[in-house]
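Participant: Just so you know, the protein sequences line up as chains A and B, in that order.
Residues in the first sequence are numbered from 966 upward in steps of one, following the working numbering.
Residues in the second sequence are numbered from 966 upward in steps of one, following the working numbering.
2 protein chains.
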Amino acid sequence: MSKKPAAAASDTETRATSEHAPDLRLWLRTLACTNLIENHIRSRLRAEFGITLPRFDLMSQLERSPQGLKMGELSKRMMVTGGNVTGITDQLVAEGLVVREDSPKDRRAYIVKLTGEGRRSFRKMAEAHETWVVELFAGMDEKQRGQLYELLAALKRSASKAAAK
Amino acid sequence: MSKKPAAAASDTETRATSEHAPDLRLWLRTLACTNLIENHIRSRLRAEFGITLPRFDLMSQLERSPQGLKMGELSKRMMVTGGNVTGITDQLVAEGLVVREDSPKDRRAYIVKLTGEGRRSFRKMAEAHETWVVELFAGMDEKQRGQLYELLAALKRSASKAAAK
DNA sequence: TTTTGATATTTTAGGCGTCGATATATTAAT
DNA sequence: ATTAATATATCGACGCCTAAAATATCAAAA
Chain A
966 MSKKPAAAAS DTETRATSEH APDLRLWLRT LACTNLIENH IRSRLRAEFG ITLPRFDLMS
1026 QLERSPQGLK MGELSKRMMV TGGNVTGITD QLVAEGLVVR EDSPKDRRAY IVKLTGEGRR
1086 SFRKMAEAHE TWVVELFAGM DEKQRGQLYE LLAALKRSAS KAAAK
Chain B
966 MSKKPAAAAS DTETRATSEH APDLRLWLRT LACTNLIENH IRSRLRAEFG ITLPRFDLMS
1026 QLERSPQGLK MGELSKRMMV TGGNVTGITD QLVAEGLVVR EDSPKDRRAY IVKLTGEGRR
1086 SFRKMAEAHE TWVVELFAGM DEKQRGQLYE LLAALKRSAS KAAAK
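1) Skipping 5 residues on each side, what residues in its chain have a beta carbon closer than 8 Å to that of B/F1102?
2) In chain B, which residues lie with their C-beta within 9 Å of the C-beta of A/R1122?
3) Less than 9 Å between the C-beta atoms of B/E1038 and B/R1084, yes or no?
4) Can you pull out the residues from the stretch 1086-1101 of chain B whose beta carbon lies closer than 7 Å to at least one beta carbon of chain A?
5) Would a check of beta-carbon distances place B/V1004 closer than 9 Å to chain A?
6) Where does A/K1070 fall in DSSP's three states?
7) To which residues does DSSP link B/R1065 through a beta bridge?
8) What does B/L1010 pair with, by DSSP beta-bridge criteria?
9) Using 10 angstroms around the beta-carbon of A/T1051, count the other beta-carbons present and answer buried if the total reaches 16, otherwise exposed.
10) Find the residues of chain A that neighbour B/Q1109, judging by a C-beta separation of less than 8 Å, and give them in chain order.
11) Whole-angstrom Cβ separation of A/M1036 and A/V1077, contact assumed at under 8 Å?
12) Cβ closer than 8 Å: which chain A residues qualify as neighbours of B/R933?
13) Leaving aside the five residues before and after B/R1007 along the sequence, list all residues of the same chain whose C-beta is less than 6 Å from its C-beta, in chain order.
14) Let me check understanding here. Comparing Cα to Cα, which of A/V1098, A/E1082, A/L1079 and A/Y1114 lies closest to A/L1001?
15) Can you pull out the residues from the stretch 1032-1063 of chain A whose beta carbon lies closer than 8 Å to at least one beta carbon of chain B?
16) Could you pull the start and end residues of the alpha helix (DSSP H) that A/G1048 belongs to?
17) Looking at A/T1054 and A/V1045, is the spacing between their C-beta atoms short of 9 Å?
18) Please tell me whether B/K1118 and B/E1013 are closer than 9 Å, where the distance is taken between their beta carbons.
19) Could you say which of B/R990, B/D988 and B/L1010 lies nearest to B/T1096 if we only look at CA atoms?
20) So, is A/A1129 buried or exposed, given that buried needs 16 or more other C-beta atoms within 10 angstroms?
21) Which residues in chain B sit within 8 Å of A/A1074, going by Cβ to Cβ distance?
22) Give the single residue among B/G1015, B/S1125 and B/R1020 whose Cα lies nearest to the Cα of B/S1040.
23) Please report the Cβ distance between B/G1104 and A/A1127, rounded to the nearest whole angstrom; I am assuming they are in contact, meaning their Cβ atoms lie under 8 Å.
24) Would you list the residues sitting across from B/L1034 in a DSSP beta bridge?
25) Establish whether the CB of B/D988 and some CB of chain A are separated by less than 9 Å.
26) Could you tell me if B/A997 is buried or exposed, where buried requires 16 or more neighbouring beta carbons within 10 angstroms of its beta carbon?
27) Got a sec: which bits of the stretch 1002-1029 of chain A sit with their beta carbon under 9 Å from any beta carbon on chain B, in order along the chain?
28) Output, in chain order, the set of chain A residues within a Cβ distance shorter than 7 Å of B/L991.
29) Please return the same chain residues whose Cβ sits closer than 7 Å to the Cβ of A/G1058, not counting the five positions on each side in sequence.
30) Rounded to whole angstroms, what is the Cα-Cα separation between B/Y1075 and B/Q1026?
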């Protein structure tokens, strides 16, 4: 009740007014940060590489699983529905960046893998992507980033537990 | 470099491998937390009130601006494009929850306001929404939440500055 | 005034995302 | 073996979201 901002930033966080619970303000601030960063990365990926964020994300999952992943595994890791993964994969297949291989163990399943071109293409983009992220966090010092990392681990545990019920 | 998790959680954060920059891991963890919480809230809003998160968000902005907001103001605050706001507003108008009024000052602009029914409806949903958020953060103690709140303010400053260039 | 440039909103085309339903294959129970 | 239950992936309908272009208005300069 001591001070109020001279001019509220015009973004999602302005939804929180003083009578809202602190947790709500905390959540809206989290959301505002994520949207800010995600929108920035999305537009740079598009502008500089002509790729969408979801496609980049899918390729990213495959890059670190060279043995390939089943559609369902991609779905879990990307935290999106299976139907969604089908569509994104279709696009990447059409672009020649990934392939669907029949699973030898389970005739229902596909194994999705990066193609050679997909891997080359991804590595170039990932390098730029990483520098963008570094830039976005550069205004925080080492200690702050470390603390934030730990607190987000706590948040993840808290939210996972609550969401599981 | 001291310890590694026994089994990584199967979500977006698994995209970060050990050779990635710490900032990248930090960003992916931020994203994972936001997705987790946002997906939970989205499905509860749908299941319990039959409303989508974007519509709830738009109404939320109007609730705290009783004088109404122009389309462009909604766009800035919600951090989405103008064309998107047009569509969401159309839906809410069709449901009788908001109205578009002509701006007396500017014939290009509309003032969007909650209707009486919109306000009543929103307040009921907002109450439930707030308790969900409290639940999701309940696994963190008071001090942790306060620290997280401050660190996110720092992140917001950092990212805003970097994104502005 | 007419032009010029900026602002407010909508429209269009295309991709992302959910949900629910379907087809097919696996697994377990009978 | 037959049946039933479960798991994998796709499809269709619908809504969200962006980017770019179109429309309309405003405001200021020539």
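Glycine included, C-beta positions come from ideal geometry on N, C-alpha and C.
On a predicted model such as this, the values are computed, not experimentally measured, just so you know.
Facilitator: Based on what the coordinates show:
1) R1110
2) G1104 and M1105
3) no
4) E1095, V1098, V1099, E1100 and L1101
5) Looking at the sequence itself, residue 1004 of chain B is Asn, so the reference to Val does not match. At least one chain A Cβ lies under 9 Å of B/N1004.
6) coil
7) B/V1077
8) DSSP lists no partner for B/L1010.
9) exposed
10) L1116 and A1119
11) 7 Å
12) Given that chain B is displayed from residue 966 to residue 1130, the structure contains no residue 933 of chain B and the question cannot be resolved.
13) L1018
14) A/V1098
15) E1038, K1041, R1042, M1043 and M1044
16) G1047 to A1059
17) no
18) The amino acid occupying residue 1118 of chain B in the given sequence is Ala; Lys does not appear at that position. Their beta carbons are not under 9 Å apart, which means B/A1118 does not touch B/E1013 by this criterion.
19) B/L1010
20) exposed
21) Under the 8 Å cutoff, chain B gives no residues; its nearest Cβ is about 16 Å from A/A1074.
22) B/R1020
23) 7 Å
24) B/V1077
25) yes
26) buried
27) I1002, E1003, N1004, H1005, I1006, D1022, S1025, Q1026, E1028 and R1029
28) F1102, R1110, L1113 and Y1114
29) In the sequence as presented, Gly is not what sits at residue 1058 of chain A; that position holds Val. V1064 and R1065, listed in sequence order.
30) 15 Å
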